[in-house]
Structures are given as structure tokens and as C-alpha cells.
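So that you can map any letter, position 150 of the sequence shown is 629 in our numbering, and since no number is skipped, the others follow by simple counting.
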Amino acid sequence: MKSKLIVALDVDSYEQATALVKDLRDVVDVFKVGSVLFTRLGPKIVEFINDQGKQCFLDLKYHDIPNTVAKAVESAAALRVFMLTVHTCGGADMLKAAAKVSSRPLIVGVTVLTSVAGDVAGEVVRLATLAKECGLNGVVASPREIDLLRQALGVKFVIVTPGIRPAWAEHGDQKRVMTPAEAVAAGADYIVVGRPIIAAKNPAAAARRIATEMATTPAS
480 MKSKLIVALD
490 VDSYEQATAL
500 VKDLRDVVDV
510 FKVGSVLFTR
520 LGPKIVEFIN
530 DQGKQCFLDL
540 KYHDIPNTVA
550 KAVESAAALR
560 VFMLTVHTCG
570 GADMLKAAAK
580 VSSRPLIVGV
590 TVLTSVAGDV
600 AGEVVRLATL
610 AKECGLNGVV
620 ASPREIDLLR
630 QALGVKFVIV
640 TPGIRPAWAE
650 HGDQKRVMTP
660 AEAVAAGADY
670 IVVGRPIIAA
680 KNPAAAARRI
690 ATEMATTPAS
């Protein structure tokens, strides 16, 4: 079984990103490319990840009129990305247009960003239910909402969880957080970790430490 760990390449240069992929490739199968890195580097960073035999989670959170989002999904499919994000608040027509693209990657809908504090569980479940009804493969949601999502949407619906912070790492600007082991035990399909790994003195050692913690949970 492939690792549930996704590492966010939240860096500013091609040199930093490629060095991290090379350093972590023995531990990590999927790397997240977000809007900052993709805007700076474009498709070449996705191509590099593919060339290393790894997979790209393209996190650009598409949110536009249905035809534009469908075309964006087609472009991402041509780049051979493994998974991508759309904003569920874009509405049913937009989500359905994305889901109908043939030979597309996995599409997960962003619900409520993990930087948002407060009681948002009801809104997360509502948006996730919409995503499933429109044909998406899953959602991105805080680990705090995993149990509710599993109850509402079943075990086959993909849940990707950012807001993951090991007990030994700072929370930063994330509000609704959980440790890697807790998130896996709760039922996350993938967890996204950025700064605790990429800012570590030894990123590979940090990634192995997290992977080991995840592997020792009963749900892994």
C-alpha cells in the first residue's frame, strides 16, 4: 500500500523543490504543488515529479465558471497529475463540469480552510455532501471533521487532511489540527505535511519519523 503521507512543496524555487523531491523520494510517494510554486515555476515542477517516478497533488483550488474549470481539469490531466483540488463553494454546476472530464485525475473539493477557526463542522459536511453528489472523488477537510464525514459519506470517499502537525512541531497558522497518527486513526486517506518536514534540519529524517508514527496506528 502506498504511503498516506503527502509532502507540501511550500518553497520558492525550482532548486529547493527538486532538492526536496530527491531527498524525500525514498519515503514519500506524493508531493503537493500549490499556487505559489506553480505560479513561479509552471508545469516543469510537475514534470520533474513525474520524471522521478512520483505523483503530483496539484492544489490550485479551481473556482471559476464551469467551462473554465473543466478546461483547467483537462490541462491538469494532460500534465499527468495524480490529484487536484477545486473549491466546493463554486457550486454544483462547476463541480459537475469538473467531474465529467474524461480520463481525469482524482478530484477533491476544498471545504473550509484549516486556517478558519470556530465551529464549521456543519458547513464542511454540507459542502462535502455536495461534492459527492456532483461526482467528485473526495474532499479536503480538517482532521477534526473526519469522523463526521465518514459517518455521512462512507469509507470509500477520499479524505485529504491538511492541518497536520506532529506533537513535536509548532502549529503555525493552522487552527483545526491533529497529529499524523491521530488523523490516520480517524480515517484520513492522505495527510498533508509541509513545514514540519521541509523546514526541518533533516527533512528525510522528519518524514521517516512521521511515516513511522502513521504506520504504528491501528487504522494504517
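C-beta: ideal position from N, C-alpha, C; glycine also.
Just so you know, these numbers come straight off a predicted model, no measurement behind them.
**Study point:** Contact check, Arg524 vs Ala496, beta carbons under 8 Å
**Key:** Checking the sequence, you will find Ile at residue 524 rather than Arg. Yes, they are a contact pair.
**Study point:** 8 Å contact criterion, which Phe700 and Val509 should meet: CB distance rounded
**Key:** In this structure the chain extends from 480 to 699, so residue 700 is not present and cannot be described.
Check your understanding: In whole angstroms, what separates the C-alpha of Ala686 from that of Ile643?
Key -> Near 13 Å, if we compare the C-alpha coordinates of Ile643 and Ala686.
Review point. Which two residues bound the contiguous beta strand (DSSP E) that contains Val500?
Key: Note, Val500: premise wrong, no beta strand (DSSP E); alpha helix (DSSP H) at Tyr493 to Leu503.
Check your understanding: Excluding the five sequence neighbours on either side, which residues of its own chain have a C-beta within less than 8 Å of the C-beta of Pro522, listed in chain order?
Key -> Within the same chain, Pro522 has close Cβ partners Leu558.
Practice item. Go ahead and pull the three-state DSSP assignment for Phe510. Key: Phe510 carries a strand assignment under DSSP once its states are collapsed to helix, strand and coil.
**Study point:** Distance CB(Leu503)-CB(Ala683) smaller than 8 Å
**Key:** Yes. Within cutoff.
Exercise for review: Could you tell me which residues DSSP pairs with Thr640 in its beta bridges?
Suggested key: Answer is Ile670.
Check your understanding: Residues in its own chain within less than 6 Å of Val639 by CB, not counting five upstream and five downstream?
Key -> Within the same chain, Val639 has close Cβ partners Val587, Val619 and Tyr669.
**Study point:** Expected contact under 8 Å - CB spacing of Leu539 and Leu574 to nearest Å
**Key:** With a beta-carbon spacing of about 15 Å, Leu539 and Leu574 fall beyond the 8 Å limit used to define contacts.
Point to revise | Which residues DSSP lists as bridging Gly617, in chain order | key: DSSP lists Val587 and Val637 as partners of Gly617.
Exercise for review: Go to Val565, then tell me how far its beta strand (DSSP E) extends in each direction, as first and last residue.
Suggested key: Note, Val565: beta strand (DSSP E), Met562 to His566.
**Study point:** Other residues of its chain near Ile485: CB distance less than 6 Å, five sequence neighbours each side excluded
**Key:** Closer than 6 Å at Cβ, skipping near neighbours: Val509, Lys511, Phe536, Tyr669 and Val671.
**Study point:** Closest Cα partner of Val552 within the set Ser582, Ala600 and Pro659
**Key:** The shortest C-alpha separation from Val552 is found at Ser582.
Review point. Closest by CA to Gly534, which one among Val500, Val591 and Leu592?
Key: Sequence inspection shows Gln at residue 534; the Gly mentioned does not correspond to that position. Nearest C-alpha to Gln534: Val500.
Practice item. Measure the C-alpha to C-alpha separation of Glu612 and Ala600 and round it to an integer number of angstroms. Key: Rounded to whole angstroms, Glu612 to Ala600 spans 18 Å at the Cα level.
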